[in-house]
Structure formats: C-alpha cells, structure tokens
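Novice: Can you keep this structure in mind? I'll have questions shortly.
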Amino acid sequence: MPTLQLLRRLAQGAALCCLLVAGAHADLLKDIKAAGKIRIALDTGSPPYGFVDGALKPVGSDVETAQLLAKDLGVQIEIVQTTSPNHIPFLQTGKADIVVASLSMTPEREKVIDFSVPYAQILAVVAGPKGAGIHGFDDLKGKRVATTRGSNNDKVVTTGAPGAQIVRYDDDATLVTAAVSGQADLLATSPAIVSAVLAKSPQKDLTTQFVMQTVPLGIGLRKNEPELKAWLDAWVTANTQNGKLVAIYKKYHGGN
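And the structure:
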C-alpha cells in the first residue's frame, strides 16, 4: 500500500476514534431525567443525618435534603442504602447516581470523585467522659478510641493519633450502640453522634474533649459529569439562599 494512502487511512481511523470517544461522554443528568428517577446513596444508620423512625421510614437531614433535591429535579427518588466504606465505591460502580450522606469534602476524596458546593459542615471531635483530660491527639496515646470505619473521623484520628488503639465499627448506629452499652468510652465522631448517645443514655458521662477538624459536606458525584455538577451547584446555592437547607438542618440538628 502506498505510504500516502496508508497515512490517509490511519488519519481516518484516528478521526473515527475521536468521534467515538466524544460520543461516549455520558450525560448523567440527561439520563436521570429520561429515566424519571435518581438513585441517591444515603446512610440510614447515621442519625440525625439518616435513620429509620418508628414507622420504619427513612428520615433525617440528609434524607430530607435528598427528597427535596429529587422533587426539584422533577424525578422520583430511589434510596440506595450505604455505609461510610461504600460511599465512593457505589458511585464508581454505578450503583448510585449521587451520594448525600454527610460526605466530608477531603482532598483525598476529591482526587477520585467530584463534589457539589458545600451544603453543610461538620465537626470531627473526640468525645469522652468529663474530666478525662483529653485535650489533643497526644493525650490519646495508648488509649482505645472508637470510630466509624472508613469515615473522615477514622482517617483524622488514625493520622493524628498513631499511638492510639483504634476500634472501628461498621456504621454510626453500631458506634452509638457500643457507646451506650459501655463498650466504647472515647469516640472519634461528630457532635450529632454524641447527641445520639446521650439521647439513648441521658445519664451517660460524655462530652466533647476537643475538635479534631471542621470540614464541609458536599453531594458526591462521579467525575466528568459537568452538567450534573452544574445543576447540583446551582441547586445547593439556591436552597441555601432561600433558607430551605438551613431549615432542614435546624430541624434535625438544632442551633444555627
């Protein structure tokens, strides 16, 4: 085959490949609207962000946020139950379209998924008995500290207190049960979980010892979905400004 003819065929093949790659770009927002349904990963074992009420109905600030999001998008919501270790894998494997599960926006996570603009923030704290004398990471050396496996709290306490003995529970609900039953005295968690422990066991001598970190929470989505990210950013911004997201937060968390 003459060299010129070969080059032309190679160029045509390369152009075809480029067209195929360009056409393969997914528009998840368009797909969601076409399906009339959005699959949202939620953790119903993480009160008050997500839990099951007496009627076995999922409720909580993240649940209500997700329901409002689906309503404004004009689609039905399909709740995909998740736990901290599964948040990102569920996105990457296509089991969920987005994650609304008190997902901390950390540099490590931002390498593998995208986030909306923040819709809330969360404190990572160490809680323990009053008078425990825990003022910082150094005071955790040699002590048992319970946390939720795969959570940002897990990462922060593991990195900050390498001399501590970290005891990991699969979800927040199990962590709460462990604290209430006396299996865990020191917790690396959020103030919401401390409140959940005290709600179940008011006599419990548990208080925040120190704040490890303050981090924003975002809605997680797969990378390379610019249309969906733009919609989520606009939605969070609008519903922060109109007070709806603030009202949901106050309903379940109190305060400001």
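Mapped onto mature numbering (1 follows the signal peptide of the UniProt record, and there is no 0), the consecutive letters of the sequence shown carry residue numbers -26 to -1, 1 to 230.
Where a beta carbon is used, it is the ideal one built from N, C-alpha and C, also for glycine.
Small disclaimer: the values here were computed from a predicted structure and weren't measured.
Using 8 Å as the threshold, is the stretch 187 to 200 in touch with the stretch 87 to 95, meaning 3 or more CB pairs across them?
Specialist: Contact holds: three or more Cβ-Cβ distances are below 8 Å.
Novice: Determine, using beta carbons only, whether Ile96 and Ile14 come nearer to each other than 7 Å.
Specialist: Start at 1 with the first residue of the sequence shown, and residue 96 comes out as number 122. Start at 1 with the first residue of the sequence shown, and residue 14 comes out as number 40. No, the Cβ-Cβ distance between Ile96 and Ile14 is not below 7 Å.
Novice: So, for Ala152: in the same chain, excluding its five sequence neighbours on each side, which residues have a beta-carbon less than 7 Å away from its beta-carbon?
Specialist: Indexing the sequence shown from 1 puts residue 152 at position 178. Answer for Ala152: Ala120, Tyr143, Ala158, listed in chain order.
Novice: Using beta-carbon positions only, say whether Leu70 and Val54 come within less than 7 Å of one another.
Specialist: Within the sequence shown, the letter at position 96 stands for residue 70. Within the sequence shown, the letter at position 80 stands for residue 54. Reading off the sequence shown, one finds Ala at residue 70, where the question assumed Leu. Yes, the pair counts as a contact, with Cβ atoms nearer than the cut-off.
Novice: Would DSSP call Leu191 helix, strand or coil?
Specialist: Stepping through the sequence shown from its first residue, residue 191 is reached at position 217. Leu191 falls in the strand class under three-state DSSP.
Novice: Go through its chain and collect everything with a Cβ distance to Ala(-3)'s Cβ below 8 Å, but skip five positions before and after it.
Specialist: Residue -3 sits at position 24 when you count from the first residue of the sequence shown. Its pLDDT being 43, under 50, Ala(-3) is placed unreliably in this model, and the value from its coordinates should be taken loosely. Nothing listed; no residue qualifies.
Novice: How many angstroms separate the CA atom of Ala9 from the CA atom of Lys218?
Specialist: Along the sequence shown, one-based indexing puts residue 9 at 35. Along the sequence shown, one-based indexing puts residue 218 at 244. When rounded, the distance between both Cα atoms is 26 Å.
Novice: Taking buried to mean at least 16 other C-beta atoms within 10 Å of its own C-beta, is Asp27 buried or exposed?
Specialist: The residue given as residue 27 occupies position 53 in the sequence shown. Exposed, by the Cβ-count rule.
Novice: Is the CB of Leu97 under 7 Å away from at least one CB in chain C?
Specialist: The chain labelled as chain C is not found in the depicted structure, where only one protein chain is given.
Novice: Rounded to a whole number of angstroms, what is the C-alpha to C-alpha distance between Pro136 and Gln215?
Specialist: Here residue 136 refers to the residue found at position 162 of the sequence shown. Here residue 215 refers to the residue found at position 241 of the sequence shown. Distance between the alpha carbons of Pro136 and Gln215: 41 Å.
Novice: Quick check: Thr122 and Val74, are their CB atoms within less than 7 Å of each other?
Specialist: As a working mapping, residue 122 is identified with position 148 in the sequence shown. As a working mapping, residue 74 is identified with position 100 in the sequence shown. Contact: no.
Novice: Note down the Cα distance separating Ser169 from Leu30, rounded to an integer number of angstroms.
Specialist: For the purposes of this step, residue 169 is taken as the residue at position 195 of the sequence shown. For the purposes of this step, residue 30 is taken as the residue at position 56 of the sequence shown. Those two C-alpha atoms are separated by around 21 Å.
Novice: Apart from the five residues just before and just after Val210, which ones in its own chain have a Cβ nearer than 6 Å to its Cβ?
Specialist: Within the sequence shown, residue 210 is the residue found at index 236, counting from 1. Cβ within range, chain order: Ser90, Val91, Tyr93.
Novice: Expressed to the nearest angstrom, what Euclidean distance is found between the alpha-carbon atoms of Ala184 and Met79?
Specialist: Counting from one through the sequence shown, the residue named residue 184 turns up at place 210. Counting from one through the sequence shown, the residue named residue 79 turns up at place 105. According to the sequence as given, residue 184 is Phe; it is not Ala. Their backbone Cα atoms lie some 21 Å apart in a straight line.
Novice: Could you tell me the boundaries of the alpha helix (DSSP H) in which Glu84 lies?
Specialist: One-based indexing of the sequence shown puts residue 84 at position 110. 81 to 84 is the extent of the alpha helix (DSSP H) around Glu84.
Novice: Report back the beta-carbon spacing between Asp36 and Leu16 to the nearest angstrom; my notes put them in contact at under 8 Å.
Specialist: On the sequence shown, residue 36 is found 62 positions in, with the first residue counted as 1. On the sequence shown, residue 16 is found 42 positions in, with the first residue counted as 1. Going by Cβ atoms, the distance from Asp36 to Leu16 rounds to 6 Å, so yes, they are a contact pair.
Novice: Using DSSP bridges, identify the partner residues of Val154.
Specialist: If you number the sequence shown from 1, residue 154 lands on position 180. Looking at the DSSP assignment, Val154 forms no beta bridge with any residue, so it has no partner.
Novice: Please report the straight-line C-alpha distance between Asp207 and Pro200, rounded to a whole angstrom.
Specialist: By 1-based counting over the sequence shown, the position of residue 207 is 233. By 1-based counting over the sequence shown, the position of residue 200 is 226. Taking the straight line joining both Cα atoms gives about 10 Å.
Novice: In this structure, how does DSSP classify Glu52 when only helix, strand and coil are distinguished?
Specialist: Here residue 52 corresponds to residue number 78 of the sequence shown, with the count starting at 1. Residue state, collapsed to three classes: strand.
Novice: Expressed to the nearest angstrom, what Euclidean distance is found between the alpha-carbon atoms of Asn127 and Ala(-1)?
Specialist: Residue mapping note: residue 127 aligns to position 153 of the sequence shown, counting from 1. Residue mapping note: residue -1 aligns to position 26 of the sequence shown, counting from 1. Whole-angstrom Cα-Cα distance: 33 Å.
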